[in-house]
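Comments concern the structure below.
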Amino acid sequence: KYQAPFYEAIFHSHFSKGLKEAGYSLRQTPEGRYEINGISRSTIEKYSSRTKEIEQIIKDKQITDAKAKAQVGALNRVTKSKAEDLSKEELLEVWKERLTPDELNALQNLKTTTFSEDKPLTAAEAVSRSIEHWSERESAFLEKRIIATALSYTYGSCLPEDIEKELQSRSDIVRKEIDKITYMTTHELIRIDEALMKMSVEGKFIEREINPHFVPKGEITPNDQQAKAIKDVLTSKSRITLLNGSAGTG
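Just so we're aligned: 115 in my numbering is position 51 of the sequence shown, and the numbers increase by one with no gaps anywhere.
Written out as structure tokens, the structure reads:
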């Protein structure tokens with residue numbers, strides 16, 4: 065399952081490249097996706113009824129868990145649609161009926177209309193940005209995540225082999241295979257980790273406690289684990305104190 069984004073990115077890299085070669089102009093979206101220039105967001109929404117249904121179910125049932133949301137989407141996809149009972153010709157007419165004359169005209173002239181496009185990232189730029197993204201929180205990362213993210217920056221211009229070739233050409237990359245899974249890091253991140261570990265070891269028990277008598281005040285009262293974390297930090301005599309906890313737990 066962890067490889068799903070990788071194979072999804074591979075599919076979209078080939079599909080988007082095919083769209084470009086077929087004469088369509090593409091634009092990148094803030095979510096790391098792409099859309100065809102000339103097709104407005106309002107037009108796209110007219111054909112996203114299933115997405116709206118899923119979002120409404122999630123809203124009505126007040127579902128917040130990511131896995132539960134995915135299950136709603138999966139169940140919705142296997143539900144038989146009325147469109148499955150239509151022929152291709154009938155389905156095409158149904159789709160056309162949703163469009164205004166201007167929208168239909170825009171679709172029919174997508175290939176002959178000139179659109180302004182941002183300059184696409186090169187494979188080198190995409191790989192650098194991908195590594196920068198993943199190294200914000202991790203000092204080692206899955207190679208396939210680097211490739212998938214780099215591809216998402218270059219839909220329509222780069223294919224997986226372009227990204228992989230760029231990775232292979234880099235002398236700053238360090239790879240390690242664990243249980244048949246390839247992890248990556250950089251020499252710079254290794255140097256940073258080593259410096260932090262050295263600082264942590266040398267900084268043990270050499271400082272004064274920050275505030276051993278601190279008592280939390282205010283409307284929010286920390287739970288037992290949070291109170292212990294506060295105490296550990298404020299009574300530590302080490303230069304570096306690490307806390308390990310789940311995201312969003314305070």
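C-beta: ideal position from N, C-alpha, C; glycine also.
Item                                                                                                                                                                           : Value
Hey, out of R272, Q92 and H277, whose CA is closest to E181's CA?                                                                                                              : Q92
Using CA atoms only, rank isn't needed, just tell me which of A187, G267 and Q126 is closest to S302.                                                                          : G267
Taking Cβ positions, are S104 and G220 nearer each other than 7 Å?                                                                                                             : no
Alpha carbon to alpha carbon, what distance is there between V265 and Y98?                                                                                                     : 47 Å
Using DSSP bridges, identify the partner residues of E95.                                                                                                                      : According to DSSP, E95 bridges with nothing at all.
Determine the DSSP secondary structure at F269, reduced to helix, strand or coil.                                                                                              : coil
By DSSP, does E167 sit in helix, in strand, or in coil?                                                                                                                        : helix
Less than 7 Å between the C-beta atoms of T249 and S203, yes or no?                                                                                                            : yes
Output the distance between the C-alpha atoms of T178 and E241, rounded to the nearest integer angstrom.                                                                       : 47 Å
If contact is defined by three or more beta carbon pairs under 8 Å, each pair taking one atom from either stretch, is the stretch 182-198 in contact with the stretch 212-228? : yes
Consult DSSP for F179 and reduce its assignment to one of helix, strand or coil.                                                                                               : coil
Can T107 and E161 be called in contact, C-beta distance under 7 Å?                                                                                                             : no
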